[in-house]
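For reference, the structure discussed in these notes is given below.
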């Protein structure tokens, strides 16, 4: 709830402002005056300074790139220890005035809503107990739901309990962060993933000029479409240095989508400077990596872009590259005070397995509304939003809306999954974690073959009984994982899950080859293919002069054809998907050219110190069955070529 108290200049008594407070107010008013905000934007309890702070202290720092937005009748909101969760009107402009002393406390500063919002100077400190507090207790600044331009400048975020620097949930806004310093954010891989800046909804445009950050885990984490489909128009990073620790991870992480990210004078100091894929994501050259070559490794030669002395309490802006004449609209003194913080309440009641996923039930409500609230369910790095709008008879708090339950099925693969639920705040409070629970989705899906097994002839020895060497190939997948495969018929063999080929022998004639695969749950899938192996003896080939028949029991059928005359040839035409030439290897063996469909495929050397008959010395295979011709031509007078025929497969 936001209550607005209005006080006019006339007739309102004023207390003398302290000097530190006057300096901070002077800096803020002077900065926004440059872009059209009159000095009257100060609150009723602060006298507006007569001299802009930008001129009271000379500065050699370079002007900032982007000036604050022009504000229309801005409302000044004074931040204090009791007024740091701000709920602003989306149709109005605001100046957020930081206190003259550090703002200390859990959850830092939350600015929710507003059109154009300007915050210049100030210091936010997170105490040590923030690390053991709620999920957002260690966050420095949250910008949420703005619709215009948000300008944050000269802010120092620090403290022993700091876990997050700046979080942005403002899909429609342009966010300008200039001269920002975020001291060490605390976190680690197995727990809280600390970030200097994290975006999860927008902003539409992000502009950074002057940012120094230190992190134990991550630096800039950009996931602007986590809660929305619209991609940003531009993220523009300038004069930025991010410093890691020995345990840090990605210095800059962004999703792999197409939105543009430009960098200029951006430095990162990771734990391993030589491994760019270890501190810039996406890695390699995938979409989203176009700016990675421009990111420099190490610290800026001039030192940190935003040293301690340049930000925080008593901040003085160095000015801007361009200026806009001051506005002439009359100002009004308004103090906006947040008087109630009502976070949602609820519970995650049950997570139970169902076919194909997990059923998640619970309830949630928010005293800031009589309608239903949303609940974010996170599992495995993915979040889906449901609405708690089902009738309940138990579980809701007294006075809550009658429809507060949620009951949904989250589709998930087999395995154990943890589901976490967060009730999304509607009013001026924080989102509320409802808890986490784990359950196991049973695996009832058998492995699936993407195609039938494929049989191919291979080189090797043919047995006296006519068994020819073959290779069987397969492709199989499973939603959880294949545990093993087995050739079931006409021969058998068991193989590891990553094996996709096996060598066997096949006998002449028709046969059915079946391969099976099983997963860890015992589900079995099979696939089969028919194959016909044909032995073609030398007598069934087409041959020309200079071949003579020779006989021995070592040849298929007891005979073979032999020639040592260059140019002597034989051929065979067939229909099938694989062919092998059967020949003899011997000490007097010569060489032969093999042609397939008129194209020379290979020259086969049959010389061998050991005689081997019935050897498949050449093979050729195709993806589909077709009509082909294979031809063998003796090369010169190189020795004896002994042909025992061909083998075909279809």
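Residue numbers (mature numbering (1 follows the signal peptide of the UniProt record, and there is no 0)): -44 to -1, 1 to 606.
Backbone N, C-alpha and C fix where the C-beta goes; we use that ideal spot for every residue, glycine too.
Contact belief for residue i with residue j at Cβ below 8 Å, rounded distance in angstroms
i: residue 298; j: residue 324; result: 5 Å
i: residue 472; j: residue 482; result: 5 Å
i: residue 227; j: residue 202; result: 5 Å
i: residue 50; j: residue 70; result: 5 Å
i: residue 497; j: residue 528; result: 5 Å
i: residue 360; j: residue 400; result: The Cβ separation is near 34 Å, so there is no contact.
i: residue 59; j: residue 35; result: 6 Å
i: residue 512; j: residue 410; result: With a Cβ gap of about 26 Å, residue 512 and residue 410 do not count as contacting.
i: residue 40; j: residue 76; result: Not really, about 17 Å apart at Cβ, beyond 8 Å.
i: residue 262; j: residue 137; result: 4 Å
Status (buried if at least 16 other CB within 10 Å, exposed otherwise) for residue i
i: residue 10; result: Interpretation of residue 10 is limited by its pLDDT of 33, a score under 50 that renders its predicted location unreliable; the figure taken from the coordinates is listed afterwards. Buried, since its Cβ has 16 or more Cβ neighbours within 10 Å.
i: residue 271; result: buried
i: residue 164; result: buried
i: residue 132; result: buried
i: residue -35; result: Only weak support is given to the placement of residue -35: the predicted model assigns it a pLDDT of 30, under 50, and the question is left unresolved by the model.
i: residue 210; result: buried
i: residue 425; result: buried
i: residue 126; result: buried
i: residue 155; result: buried
i: residue 504; result: exposed
i: residue 459; result: exposed
i: residue 109; result: buried
i: residue 81; result: buried
i: residue 289; result: Reliability fails at residue 289, whose pLDDT of 32 lies under 50, so the model's placement of it is uncertain and the value that follows must be treated cautiously. The residue is buried, with at least 16 neighbouring Cβ atoms inside 10 Å.
i: residue 555; result: exposed
i: residue 33; result: buried
i: residue 469; result: buried
i: residue 218; result: exposed
i: residue 22; result: buried
i: residue 42; result: buried
i: residue 486; result: exposed
i: residue 412; result: buried
i: residue 507; result: exposed
Per DSSP, the bridge partner or partners of residue i
i: residue 332; result: 341, 378
i: residue 534; result: 577, 605
i: residue 102; result: Beta-bridge pairing links residue 102 to no other residue.
i: residue 34; result: 53
i: residue 529; result: 585
i: residue 599; result: 517, 539
i: residue 309; result: 314
i: residue 319; result: 303, 361
i: residue 68; result: 43, 100
i: residue 373; result: 395
i: residue 568; result: 541
i: residue 87; result: The partner list for residue 87 (beta bridge, DSSP) is empty, contrary to what the question assumes.
i: residue 615; result: The structure shown does not extend to residue 615, since the chain spans only -44 to 606, so no value can be given for it.
i: residue 81; result: 60, 114
i: residue 109; result: 76, 134
i: residue 559; result: 549
i: residue 154; result: 123, 177
Same chain, Cβ closer than 7 Å to residue i, neighbours up to 5 away in sequence not counted
i: residue 87; result: 94, 117, 119, 142
i: residue 593; result: 520, 522
i: residue 103; result: 46, 71, 128, 129
i: residue 346; result: 359, 361, 362, 363
i: residue 456; result: 429, 430, 431
i: residue 152; result: 121, 138, 141, 169, 171, 175, 176, 198
Cutoff 6 Å; reference residue i; Cβ partners in own chain excluding five residues on either side
i: residue 220; result: 194
i: residue 500; result: 525
i: residue 105; result: 25, 72, 130
i: residue 215; result: 187, 188
i: residue 387; result: 378, 380, 381
i: residue 20; result: 134, 165, 276
i: residue 206; result: 174, 235, 237
i: residue 583; result: 531
i: residue 180; result: 155, 158, 188
i: residue 148; result: 119
i: residue 162; result: 131, 191
Cβ-based neighbour list, residue i, same chain, cut-off 8 Å, excluding 5 preceding and 5 following
i: residue 591; result: 522, 546, 547, 548, 549, 559
i: residue 314; result: 307, 308, 335, 365, 366, 368, 373, 375, 395, 397
i: residue 239; result: 232, 233, 245
i: residue 597; result: 518, 519, 520, 524, 539, 545, 546, 547, 548, 562, 588, 590
i: residue 437; result: 453, 475, 476
Q: At 3 residues or longer, and completely inside the region 208 to 248: list those beta strand (DSSP E) runs for me, N to C.
A: 208 to 210, 217 to 225
Q | Start-end ranges of the beta strand (DSSP E) lying completely within the region 410 to 465, minimum 3 residues | A | 410 to 413, 424 to 429, 438 to 445, 449 to 451, 457 to 462
(Q) Which complete beta strand (DSSP E) runs does the region 465 to 526 hold, if anything under 3 residues is left out? (A) 465 to 475, 480 to 492, 504 to 507, 515 to 519
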